[in-house]
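Here the sequence shown is numbered in our numbering, starting from 9 and rising by one per residue.
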Amino acid sequence: GGRSVLRPACPRADRLAASGDELDRLLVEARPLLSSARDARPRPALDDKRLTGWNGMAAWALAHFGAVTSDPHTLAAAQRAGRFLLERVQGALPVQRSWQDGVASGVETLEDVAWAIAGLLALFEADAEPAWLATALGLADQRVPRYLSADGAAFDTPDDGERLVVRPRNAADGATPSSAGILAAALIRLAAIAGRPDLRARAERIVAAERGSLARYPEGHAALLEAAASL
């Protein structure tokens with residue numbers, strides 16, 4: 009023990025025969041020693057890449073929170089995530105999935121397209137900046153059809169992407185909400201705002217294509233059910 013994680017010699021402060029002020033002084037003296045000991049060890053790997061889908065997710069959440077609370081700092085954070093999407097989506101379709109140290113990599117997935125549309129649309133609803141709406145519509149028109157099957161179901165990969173033996177399709181929620189559900193909900197809102205009934209029809213087909221799974225396992229498809237409830 010004690011070789012991988014630095015721990016205090018006395019786990020409980022009450023074992024030290026010291027007053028509160030004395031304990032505070034000891035801790036102040038100990039922190040730079042602890043920091044020096046940590047600096048002598050190999051640092052853990054840092055995953056600092058930026059993902060299209062996750063920036064869309066952040067923009068979506070922050071824009072909604074900023075609009076509800078009228079918090080300018082939260083809305084500003086959402087706008088920063090949105091500008092990151094604009095810089096990389098406009099004129100660069102299909103979009104790259106990941107950026108790190110100025111280098112783009114990865115292949116666009118449904119998660120990237122769905123969350124980018126949802127995030128940009130939430131920003132438009134929060135601050136009415138036309139660029140958010142125009143870019144969301146561009147993705148809906150140029151990329152969403154690449155993910156849809158003949159019966160309207162949404163695949164996880166586009167038809168102009170890497171050729172796979174079987175194209176994955178999973179409408180269930182996992183660690184994050186279902187991309188198909190997020191896309192359907194975003195298309196419904198986008199259709200209402202832009203006056204585009206064709207986008208609503210796509211959302212209806214996405215939901216209808218999964219009706220069997222929704223009936224068998226509704227608790228695993230909350231995102232799709234939420235979209236269905238708004239139809």
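The beta-carbon is built from N, C-alpha and C at its ideal position, and this holds for glycine as well.
With DSSP collapsed to three states, give me the class of residue i.
i             : result
glutamine 108 : strand
leucine 58    : Looking at the sequence provided, one finds arginine at residue 58 rather than leucine. Strand, per DSSP.
leucine 156   : strand
alanine 180   : coil
alanine 162   : strand
If you draw a straight line from the alpha carbon of residue i to that of residue j, how long is it in whole angstroms?
i             : j                 : result
lysine 57     : alanine 112       : 10 Å
alanine 192   : glutamate 218     : 12 Å
threonine 117 : methionine 65     : 14 Å
proline 185   : glycine 74        : 21 Å
serine 78     : leucine 70        : 11 Å
serine 187    : leucine 34        : 51 Å
arginine 51   : serine 106        : 23 Å
arginine 46   : proline 205       : 59 Å
alanine 48    : proline 80        : 41 Å
glutamate 137 : alanine 84        : 13 Å
glutamate 212 : glutamate 170     : 27 Å
tyrosine 225  : alanine 126       : 25 Å
leucine 41    : tryptophan 62     : 37 Å
glutamate 119 : phenylalanine 132 : 20 Å
leucine 147   : alanine 236       : 22 Å
serine 44     : valine 36         : 14 Å
alanine 134   : alanine 38        : 47 Å
alanine 209   : glutamine 108     : 37 Å
histidine 72  : threonine 82      : 9 Å
In terms of residue numbering, what span does the alpha helix (DSSP H) encompassing residue i cover?
i           : result
glycine 189 : 187-202
serine 221  : 219-224
valine 97   : 80-97
valine 121  : 118-135
glycine 146 : 138-150
alanine 4   : Only positions 9 to 239 of the chain appear in the structure, and residue 4 is not among them; the question remains open.
Does the distance from the C-beta atom of residue i to that of residue j stay below 8 Å?
i              : j             : result
isoleucine 190 : leucine 239   : no
leucine 198    : threonine 143 : no
leucine 128    : alanine 202   : no
arginine 154   : aspartate 168 : yes
glutamine 98   : glycine 114   : no
alanine 124    : alanine 89    : no
threonine 259  : leucine 172   : One cannot answer for residue 259 here, as it falls past the ends of the chain, which runs 9 to 239.
arginine 151   : proline 102   : yes
leucine 222    : leucine 233   : yes
When the cut-off is 8 Å and only beta carbons count, does residue i lie next to chain B?
i          : result
leucine 54 : Looking for chain B here will not work: only one protein chain is present.
Round the Cβ separation of residue i and residue j to the nearest angstrom and send it over; I've been treating them as touching at under 8 Å.
i              : j             : result
alanine 194    : alanine 86    : Not quite, the Cβ-Cβ distance comes to about 15 Å (not below 8 Å), so this is no contact.
threonine 60   : arginine 96   : 7 Å
isoleucine 214 : alanine 161   : 7 Å
alanine 231    : aspartate 181 : 6 Å
histidine 229  : alanine 179   : 6 Å
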